[in-house]
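To start, the structure under review is shown below, and the notes come after it.
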Amino acid sequence: RRAAVRTYTLQCCGECSLTMETPPPPPTDEQAADYPQKRFFRSRAHCNPLSHNDAAPYPQKPSALDWASLYPRRDASNGSNIAFLDVGCGFGGLAVALSTLAPTKLTLALEIRPKVAEFVRRRIESLRRQHPGSYENVACLRYNAMLHLPNLLPKSSLEKIFFCFPDPHFKAKNHRRRIVSEPLLAEYAYVLKEGGLLYAITDVEELHKWHVAKLDSHKCFEKVDLRDDDPYVNAITQETEEGKKVTRQGGHMKD
């Protein structure tokens, strides 16, 4: 005898109360208990970089800095192994992105505002705890790059310097506070390796023209054409807080 086979398909009558619940998404890094919250680290958007009243410690020479406390699992070699410098890092978006973009390179982020620098430091500590073995190549230091930069980094040590959305200092009397100027470019050239790159980006057209004019006239720098898909250009436009803000508002960025 041949067995009778019947197939059935399940149809919902509309009266059943059983619902399929999708599993919740995994928690993000920002949801970790020790991840800092920006609302507790609010600070003024800008400050006077020429002030000598910040009480920040400045080493007499690079070897005087405690590099082991910044990079516990990496050898900074008294600053000689620092490859990338993020000046005015803000809340650390670019610095964290550089850590994963170039995991074999050491990134140092500098921020002049104490509360913001503390936020970035705690952010990096939280990411290190959540991802063991990662983010060991990035650190943040409260430091004014316009004062005593050669005291922090050795000569010809950096591969790249980033200036992302710096304070434009619109008033003519405050132009000397701008992070790109002829005297400061000499110091940046001192810490950059030959062939090293300086990235500058802003959404202020007048400041962009200032950057171009100062860099074009300086004998230590020459303009280079980068690929449209250069990962570091994408990082400064897409990973920084200001870059994301400009994109949301439909603005234009100059680099």
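Every letter in the sequence shown is one number past the one before it in the numbering used here, and letter 176, counting from 1, is 178.
Virtual Cβ for every residue (Gly too), placed ideally from N, Cα, C.
Using DSSP with H/G/I as helix, E/B as strand and the rest coil, what is Ile238? helix
Simplified DSSP state of Lys195, which is helix, strand or coil: strand
Look at the Cβ atom of Arg144, then the Cβ atom of Ile114, and state whether they are nearer than 9 Å. yes
Would you list the one or two residues that DSSP bridges to Thr109? Phe86, Val140
Short of 7 Å in beta carbon distance, which residues of its chain neighbour Tyr190, apart from the five on each side in sequence? Order them along the chain. Ile163, Leu200
Nearest to Cys166 by alpha carbon, out of Gln33, His213, Tyr60? His213
Limits of the unbroken beta strand (DSSP E) element including Phe164: 160 to 166
Looking at the secondary structure, which residues open and close the alpha helix (DSSP H) in which Leu129 lies? 116 to 132
Apart from the five residues just before and just after Gln251, which ones in its own chain have a Cβ nearer than 6 Å to its Cβ? none
Whole alpha helix (DSSP H) runs in the region 53 to 78 with 4 or more residues, listed along the chain? 69 to 72
Distance between Asp77 and Leu20 (C-alpha atoms, nearest Å): Low per-residue confidence applies at Leu20: pLDDT is 49, beneath 50, and the placement is therefore not dependable enough to give any value.
Going by CA-CA distance only, name the one from Asp230, Glu208, Tyr137, Lys195 that's closest to Cys222. Lys195
Which residues bound the alpha helix (DSSP H) around Glu224? Element bounds for Glu224: n/a, residue is neither H nor E.
Bridge partners for Tyr145 per DSSP, in chain order? Beta-bridge pairing links Tyr145 to no other residue.
So Glu208 is in the alpha helix (DSSP H); what residue range does that whole segment cover? 207 to 219
Is Leu100 buried or exposed, if buried means 16 or more other CB atoms sit within 10 Å of its CB? buried
Specify the secondary structure class of Arg249 as computed by DSSP and reduced to three states. Before going further, note that residue 249 is Thr rather than Arg in the sequence given. Residue state, collapsed to three classes: helix.
Between which residues of its own chain and Cys91 is the CB-CB distance below 7 Å, once the five residues before and five after are set aside? Ala97, Ala111, Leu112, Glu113, Val122, Cys142
Is the number of C-beta pairs between the region 83 to 90 and the region 144 to 159 that are closer than 8 Å three or more? yes
Pair every Cβ in the region 224 to 233 with every Cβ in the region 78 to 87, then say whether three or more of these pairs are closer than 8 Å. no
Report the residue from Leu129, Val206, Ala119 whose alpha carbon sits nearest the alpha carbon of Arg44. Ala119
C-beta contact flag for Val206 and Leu155 at 9 Å: no
In chain order, what residues of the same chain lie with their CB nearer than 8 Å to the CB of Asn80, ignoring the 5 residues before and after it? Pro64, Ser65, Leu67, Trp69, Pro156
Alpha carbon of Thr30 to alpha carbon of Asn153, nearest angstrom: 38 Å
Less than 9 Å between the beta carbons of Val182 and Lys216, yes or no? yes
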